[in-house]
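Trainee:
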Amino acid sequence: MLLEPDIQKLAVESRQRLVKEFAEKYANLRERVKRVPKADAQKISEILSCPLEIAMIAYLINMDGMMTVKKAVGHLSDEFERRAIVGEDVPNLPGNIMEYALLEGKWVSHIYGSFVRQIELKTRELANLEEGIEGAALDAERALSIIAARTKISEAFIAPVLDEWLKEHPKAHSLNALTAFGQGITKWNKSTLTGKFIQVHRRNQALFRVLRESLVTASDSYTMDASIKRLETLIEELDSPFEEMTVRATSHLLLHLLPRRVTGRGDRSRYVSVGVGSTRGNKAEPDLISPFDFLERDVKLAKRRRGFEREEYLKEKISRVLRVLKYQENSPTESLEKCLAEIVDRLGLENVDLDKEIASSKEELVGASDSERVSLIANLIYNFVATFVYREDST
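According to our numbering, the residues represented by the sequence shown are 1364 to 1758, in order.
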């Protein structure tokens, strides 16, 4: 069992890492936003009816492959509107809106980036411990292990982040934090997430009661008594309305909200799902296994869309394929070459000087930082597809 001093020490370390990461992320966004194409940002601003400054930060978040531009604008606009509702309006001046967009963009990037990645890694062991829990038949030793694992993740990792989020969001309460972080870890939209809160809340309390019952029947000891008291306190804190929950209770509820990864094969990519047999073109064909199978499919599907919607859709899919190729230990330039070659081969493109296109694309990457390279490659691949695959649309 983790003692309070141990939890506090781990929480301080988490907060220190967060402060360092935020300083770097904020500086990175502030520098990169200067290089955002004004024409692209203006188009996003007009189509999605948002301030230009929010469009620019949404463009960068999309370039990092975290979400579509529309979703990024949605997250930035939600907080912008919430502040207006609670009387903390952002002054309608470009400088103030840009500062808001940078600060909130920092949070969106963190939640959908490093926070989600870290919490998924941290819950792998917990998922194994919790697998197959059946009522009060749980033995005391396993119950203690589950309590220790949940406490370490919730109170030493999630709680410090929630605490910082609440400090930086004027007049925000625990339900606002649950919504902001819940969307990140579940990928559900706001309405679906809100509808799930009560169900997840009841299941969380039910689990704590099962754990408590498993310890009550065990022999008396300081560890057992302290664990039982902790669980009783948490059950009581979770009884509060969502808006009034403590940071600790909120962190435990968020952990319970996190979908548990299926245990088993360790070599399966988290980006490409290989499931039941599929059909393409109304013909029985092999399963979508290679990332290039997905790229081919998405290029064809995107053709049905038009304008900004097509661009946003396909760039997101290309970014996902690039992440899979990185997972398979391909360098950015190797991924670029393979994607272009596969597109030419699979779609039967003629009159394309592939070597010339690859060389030209590599020139575009000269001087780009590692953080910018993947998003630039996604743009280059999209432009290649738009030029050689969709060109008939413009004729």
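C-beta: ideal position from N, C-alpha, C; glycine also. As the structure is a prediction and not an experimental result, all values here were calculated from the model.
Can you give me the Cβ contacts of residue 1469 inside the same chain, cut-off strictly under 7 Å, excluding the 5 residues immediately before and after it?
Mentor: Excluding positions up to five away in sequence, the list reads 1385, 1388, 1389, 1392.
Trainee: Taking a contact to mean a Cβ-Cβ separation below 9 Å, would you say residue 1605 touches residue 1538 in this structure?
Mentor: yes
Trainee: Alpha carbon to alpha carbon, how far is residue 1462 from residue 1717?
Mentor: 43 Å
Trainee: Is residue 1759 buried or exposed, if buried means 16 or more other CB atoms sit within 10 Å of its CB?
Mentor: The shown model of the chain, from 1364 to 1758, leaves out residue 1759, and the question about it has no answer.
Trainee: Got a sec, what are the start and stop residues for the alpha helix (DSSP H) residue 1456 sits in?
Mentor: DSSP places residue 1456 in no alpha helix (DSSP H); its state is neither H nor E.
Trainee: What whole-angstrom Cβ distance do residue 1415 and residue 1433 have, given they're in contact under 8 Å?
Mentor: With a Cβ gap of about 16 Å, residue 1415 and residue 1433 do not count as contacting.
Trainee: Which same chain residues, not among the five before or five after residue 1625, have their C-beta less than 6 Å away from its C-beta?
Mentor: Model confidence at residue 1625 stands at a pLDDT of 48, short of 50, so the residue's coordinates are unreliable and nothing is read from them.
Trainee: Could you tell me the alpha carbon to alpha carbon distance between residue 1376 and residue 1746, rounded to whole angstroms?
Mentor: 44 Å
Trainee: According to the neighbour-count rule (16 or more other Cβ atoms, all chains shown, within 10 Å of its Cβ), is residue 1566 buried or exposed?
Mentor: With a 10 Å radius around the Cβ and a threshold of 16 neighbouring Cβ atoms, residue 1566 comes out exposed.
Trainee: Could you name each continuous alpha helix (DSSP H) segment of 4 residues or more that falls completely within the region 1418 to 1444, going from the start of the chain to the end?
Mentor: none
Trainee: Which residue wins for smallest C-alpha separation from residue 1321, given the options 1485, 1700, 1451?
Mentor: There is simply no residue 1321 to check, as the chain begins at 1364 and stops at 1758 in what is shown.
Trainee: Using a 10 Å radius around the Cβ and a threshold of 16 neighbouring Cβ atoms, would you call residue 1418 buried or exposed?
Mentor: With 16 or more Cβ atoms within 10 Å of its Cβ, residue 1418 is classed as buried.
Trainee: Give the single residue among 1668, 1611, 1493 whose Cα lies nearest to the Cα of residue 1521.
Mentor: 1611
Trainee: In this structure, how does DSSP classify residue 1753 when only helix, strand and coil are distinguished?
Mentor: Coil.
Trainee: Going by beta-carbon coordinates alone, are residue 1737 and residue 1706 separated by less than 9 Å?
Mentor: No; because the gap between Cβ atoms is not below 9 Å, this pair is not in contact.
Trainee: Nearest-angstrom Cα distance between residue 1694 and residue 1730?
Mentor: 16 Å
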